[in-house]
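What follows is a short report on a single structure.
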Amino acid sequence: MLPLPCAELHLHIEGTLEPHLIFELAGRNGISLPYADAADLAARYAFSDLQSFLDLYYAGMTVLRTEQDFEDMTRAYLRRASAAGVRHAEIMMDPQAHLARGVALETCVNGVAAALATSEAEFGISTALIAAFLRDRPAAEALGVLRELIAIDAPIIGIGLDSAEVGYPPSLFTEVYDLARNAGLKCVAHAGEEGPPAYIREALDILRVDRIDHGIRCLEDDALVERLVADRVPLTVCPLSNVRLRAVDTLADHPLPQMLARGLNVSVNSDDPAYFGGYLDDNVQALEAVFGLGPDALAMLAANSFRSAFLQDDRRTALLAEVDSWLVAVRQSGVS
Ligand code: HPA
Ligand code: ZN
1 MLPLPCAELH LHIEGTLEPH LIFELAGRNG ISLPYADAAD LAARYAFSDL
51 QSFLDLYYAG MTVLRTEQDF EDMTRAYLRR ASAAGVRHAE IMMDPQAHLA
101 RGVALETCVN GVAAALATSE AEFGISTALI AAFLRDRPAA EALGVLRELI
151 AIDAPIIGIG LDSAEVGYPP SLFTEVYDLA RNAGLKCVAH AGEEGPPAYI
201 REALDILRVD RIDHGIRCLE DDALVERLVA DRVPLTVCPL SNVRLRAVDT
251 LADHPLPQML ARGLNVSVNS DDPAYFGGYL DDNVQALEAV FGLGPDALAM
301 LAANSFRSAF LQDDRRTALL AEVDSWLVAV RQSGVS
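For the sequence shown, our numbering gives the first residue as 1, with consecutive numbering after it.
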């Protein structure tokens, strides 16, 4: 199987921390973990909802202390992503989660950025960094962190909004998004994962986002679907994540085929691959297996990902040509 060339647009770098790396970094930093070993930790990844995952996600990232830790985590993701066919990655990080436990902003930003700086040469993956804000913490804190990111000239292309969704509507973060937009940053936000379609509307109308992360609950609102289709709003969908966090019962119940049939601009992403049972290629293969998606549908998802990315035109054109070449090669070989 030729890996499908894709852009990964919805990826939390802290969610790529594999159990074995959590143990390695804990050892390096003299931290003792309340689990027997990596297998014992992995056995706890049976989530009932978003919050049950977030509890382990925030616990796992406490082993990240030095720039080198952030760099090693990021490089491990890029290595695995290159095997998955990822050709461009727009990577979210959660600065507040690190600041809250005493890690300096420069430590986490510089560590991740160091791995991104060599990504094209090392792995052929172009990259961009997005600072995501935790919606279950005060908006004033997010505003302060954004000001600091701008002050240190952090190499970010945009901002995002993540963590516990229900009860924390996008409108709480209006000032943060206004500042980001005025500073020339791109804007994305999680909406409609566990939260209602109204949160997707708020993200569009009030935060004026360029993309919606997840967005699967848009299907509950026909007028919203029509608007998303008409405006070609990108929705970065994460199928294995939705299964693991119980947004859907099984992959067979996932709305992705319905979303494609309605004409929505959907891409496939891995979200937190170390926690949700797979990287981008695992998500694609699972969709192929369960829904019988053929080469044309897969090529369309890949093309959507590149068209929805914050890419320079020449790179976008080159990557879209790779999708065309993939389709030709797959058709010739008769297997995808
Ligand atoms: N949803 C919301 N917040 C998150 C996620 C997610 O899937 N992963 C990391 N932070
Ligand atoms: Zn996410």
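Positions of the beta carbon are idealized from the N, C-alpha and C atoms, including for glycine.
Discussion item. Counting only beta-carbon separations shorter than 8 Å, does V109 have a partner in chain C?
Written reply: As a matter of chain content, chain C is missing from the structure shown, which is built from one protein chain.
Practice prompt. Evaluate V328 with the Cβ neighbour count: other Cβ atoms within 10 Å of its Cβ, from every protein chain shown; 16 or more gives buried, anything less gives exposed.
Written response: exposed
Item to complete: List the DSSP bridge partners of E226.
Response: Bridge partners of E226: none, in fact.
Worksheet item: Under the three-state reduction of DSSP, which class applies to L298: helix, strand or coil?
Response: helix
Item to complete: Put C238 into one of helix, strand or coil per three-state DSSP.
Response: coil
Discussion item. The beta strand (DSSP E) that contains C187, what's its start and end?
Written reply: K186 to A191
Discussion item. Count Cβ pairs between the stretch 41-58 and the stretch 238-252 that sit closer than 8 Å; are there 3 or more?
Written reply: yes
Worksheet item: Under a criterion of Cβ closer than 6 Å to any non-hydrogen atom of the ligand ZN, which residues qualify, in chain order?
Response: H10, H12, D162, H190, D213 and D271
Item to complete: Please classify H254: does DSSP put it in a helix, a strand, or coil?
Response: coil
Worksheet item: Which partner residues does C6 have in the DSSP bridge list?
Response: V86
Worksheet item: Going straight from the alpha carbon of E288 to that of T107, what length do you get?
Response: 40 Å
Practice prompt. Decide if the stretch 183-190 is in contact with the stretch 205-215; the criterion is three or more beta carbon pairs, one per stretch, under 8 Å apart.
Written response: yes
Worksheet item: Just how far apart, CA to CA, sit D272 and G334?
Response: 32 Å
Worksheet entry | Stretch-stretch touch, CB-based, cutoff 8 Å, three pairs: the stretch 111-126 with the stretch 73-93 | yes
Item to complete: Just confirm the distance between the C-beta atoms of D281 and P3, as a whole number of angstroms; I'd bet it's less than 8 Å.
Response: 6 Å
Worksheet item: Where does G292 land, buried or exposed, given buried means 16+ other C-beta within 10 angstroms?
Response: exposed
Fill in: Closest by C-alpha distance to A180, when choosing among I150, A164, I206 and Y199
I150
Worksheet item: Excluding sequence positions up to five away, which residues of its chain have a Cβ less than 8 Å from the Cβ of T62?
Response: I31 and R101
Fill in: Counted within 10 angstroms of its Cβ, other Cβ atoms place T250 as buried (16 or more) or exposed
exposed
Worksheet item: Which full runs of the beta strand (DSSP E) of 3+ residues lie inside the stretch 137-168, going along the chain?
Response: 158-162
Worksheet item: Less than 7 Å between the CB of Y45 and some heavy atom of the ligand HPA, yes or no?
Response: no
Worksheet item: Using 8 Å as the Cβ pair cut-off and three pairs as the minimum, do the stretch 260-272 and the stretch 220-230 touch?
Response: yes
Fill in: V233 versus A309, D178 and S325, residue with shortest Cα-Cα distance
A309
Worksheet item: Between A297, L64 and I91, which lies nearest to Y77 when the distance is taken from Cα to Cα?
Response: I91
Worksheet item: Any idea if A140 is buried or exposed, counting beta-carbon neighbours within 10 angstroms, 16 or more meaning buried?
Response: exposed
Discussion item. Short of 7 Å in beta carbon distance, which residues of its chain neighbour V248, apart from the five on each side in sequence? Order them along the chain.
Written reply: N242 and H254
Practice prompt. Please indicate yes or no: does the CB of Y77 lie closer than 7 Å to some heavy atom of the ligand HPA?
Written response: no
Item to complete: Would you tell me roughly how many angstroms separate the C-alpha atoms of Q332 and E322, rounded to the nearest one?
Response: 15 Å
Discussion item. According to DSSP, is I22 part of a helix, a strand, or is it coil?
Written reply: helix
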